[in-house]
Structure formats: structure tokens, C-alpha cells
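2 protein chains.
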Amino acid sequence: MKKKEHKECMSALLPVRDTLDVIGGKWKLLILISIWEGNKHFREIERSIPKLSTKVLSKELKDMEENQLITRTVLNGFPVRTEYAPTEHSKTLKKVILELYNWGVNHRKKIFT
Amino acid sequence: MKKKEHKECMSALLPVRDTLDVIGGKWKLLILISIWEGNKHFREIERSIPKLSTKVLSKELKDMEENQLITRTVLNGFPVRTEYAPTEHSKTLKKVILELYNWGVNHRKKIFT
DNA sequence: GTAACCAGTTACCTGTAGGTAATCAAGAAT
DNA sequence: ATTCTTGATTACCTACAGGTAACTGGTTAC
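Residue numbers (the working numbering), protein chains in the order written: chain A, 54 to 166; chain B, 54 to 166.
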């Protein structure tokens, strides 16, 4: 798990921040969804998300592997292929994302009275 | 509502991003909780959150007012006092935050096997 | 009169997420 | 042979969130 200087008081917020770290950022959700949708290979994922660069994808995939949202398997064969697959743990995020979605939809209604 | 260049495909994620914008960032949740706990005045909120600067607090309060999470009332009297109060809308966030918390707690269990 | 309180604003600086582009190795295709 | 693919890594750069600190303007207390 990434250490992000969580030294504040309000330690009850630490798990909230952890979750926000896992799904926050510009690309993490897009990448996760791409993999959920069945994209398995590096270039495949990259191509499925316009404007995503290899550098960022590479970094995010490492993060997501550390966070046990995906598994990375190098297939011994030529050409070397790497397979990314979503974990069961990652799927528990769907409920959270749905909550965020529902609140967002309702929020838009509020804001644009 | 803040426009943050949400030009991507995957428009179903837009409401999710909206929500993340509203509760993301280093201070937003802390400030919201402080106000939920009953802190009403600028300096009161500022003092309740160590290391929070007036500049950042000022900016975040404006954001939160725009997002209808709080109301700002200037009391006509001397010294001028400003009162910040949480809206009902803000309270609908509690469920979302609870989901984030629960997932975060479970995530920690997973990661520190 | 000066020190401290309120509610901020302004100018300047820093750290980091993310963007751009080149490069690597190794095999396949033309 | 030289270009294309796959899966990345590296160096460099930029934009913006957030940090630091000084300052404003009005009020009250010592």
C-alpha cells in the first residue's frame, strides 16, 4: 500500500483516503474498467483508452498490482506476452463506484437546478 | 460545478469524477467533517484542523459553497462574523463516505495479509 | 497607542501527477 | 536489411494543487 503521509488527526479518515488513493487519479478507473471488460494485454489496454501513454499505464498497472486489483502473468512463449486479469478483490470496488456514480448523478441534478 | 476537462470517452464515469472532485483533495473531507461537527466560523474551522492554512480554507469553502455542501451567511453586526452551515445535500455524502471507509478497511485487511 | 481578534486576499514558491518522446530487447513480417 | 510488433523504462518538461507568509480593514480590549 502506498504511504502518502497520512499523519493527520482524524484517523477514521485513513481508510477513506486509502480508497480514494486506489480509485483516484486520472486513469485508474478507466484502466480498471478496461480490464474488467476483458482487455488482457498491455497494448490492448493502452489502445482501449485514448491518450493514455505507456509510461502512465505502466505505472498504474504496477500500483494496481500492489493493491491486488489485478494480477500480472508473463506467459513464457514468443513473443513474450503479459496477461493482466482482474482479481475478485477488485470487483468489490464495483459497489463503491456505483455509490459514487449515484451520488454524482444526484449532485448534478442539485447543481443544475 | 467545476469544469475539469472531462472530455474523455466513458461518459458514464463523469458522475463518478464529479463525486471524486467534490470529496477529493487533501482538505475537503476534513473541512466538511469539521462543519458537520458544529464548527461555524472561519477561524473556528481553521483552528479545528491543524496545518490548514487560511488561503486553502478560503478556497475550499468557496468550492463547497458552489457545490451546495455548505451555506455562508454574513451576520450583520460587529465584529463581522460569518457562519458556515452544512446543507441537507451535504449529508447525503455520509453514505458515500461510509462506503469508502468500509472498502478501505477491508482493503487494508487484504493488503496486510 | 498598540496589541489582538475577526475574515479573509495577495504574491510567491514547491512538489508531484501526468504528458512527451526517445530508447531498449527480441521476434515476426515484408 | 529494415520496419513492425510486444512490453516496457528513462529523461525531461509542464501545469496545478497546495504551502508560506505578509498584508488589509474594521473592532474591541488593555
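For every residue, glycine included, the Cβ atom is placed at its ideal position computed from N, Cα and C.
Cα-Cα separation between residue i and residue j, rounded to whole angstroms
| i | j | result |
| --- | --- | --- |
| Pro139(B) | Ser143(A) | 34 Å |
| Tyr154(B) | Arg96(B) | 28 Å |
| Lys147(B) | Leu85(A) | 25 Å |
| Thr145(A) | Lys104(A) | 28 Å |
| Ile76(A) | Glu99(A) | 18 Å |
| Glu141(A) | His94(B) | 46 Å |
| Val149(A) | Leu83(B) | 20 Å |
| Gln121(B) | Trp89(A) | 34 Å |
| Asp74(B) | Val127(B) | 27 Å |
| Asp71(B) | Val133(B) | 34 Å |
| Met117(B) | Gly78(B) | 12 Å |
| Lys162(B) | Glu152(B) | 16 Å |
| Phe131(B) | Ser87(A) | 58 Å |
| His160(A) | Asn159(B) | 27 Å |
Status (buried if at least 16 other CB within 10 Å, exposed otherwise) for residue i
| i | result |
| --- | --- |
| Ser129(B) | Note that residue 129(B) is Asn in the sequence shown, not Ser. Exposed, since its Cβ has fewer than 16 Cβ neighbours within 10 Å. |
| Ser106(B) | exposed |
| Gly157(B) | buried |
| Lys57(A) | With a pLDDT of 47 at Lys57(A), under the threshold of 50, the predicted position of this residue should be treated as unreliable, though the coordinate-derived value follows. Answer is exposed; the Cβ neighbour count stays below 16. |
Nearest to residue i (by Cα), restricted to the options the options
| i | options | result |
| --- | --- | --- |
| Phe165(B) | Glu119(A), Thr124(A), Pro132(A) | Glu119(A) |
| Ile102(B) | Lys162(B), Met117(B), Lys81(B), Val75(B) | Lys81(B) |
| Glu136(B) | Lys115(B), Trp156(B), Ile150(B) | Lys115(B) |
| Thr124(B) | Arg161(B), Asn92(B), Lys79(B) | Asn92(B) |
Review point. Touching or not, the stretch 63-73 of chain A and the stretch 102-113 of chain A, by the rule of three or more beta carbon pairs under 8 Å?
Key: In short, these stretches do not touch, since the Cβ pair count stays below three.
Review point. Any residues in the stretch 118-139 of chain B with a beta carbon nearer than 9 Å to a beta carbon of chain A? Which ones, in chain order?
Key: Glu119, Asn120, Gln121
Practice item. Output, in sequence order along the chain, the residues in the stretch 73-94 of chain A whose CB is closer than 8 Å to any CB in chain B. Key: Leu73, Val75, Ile76, Gly77, Leu82, Leu83, Ile86
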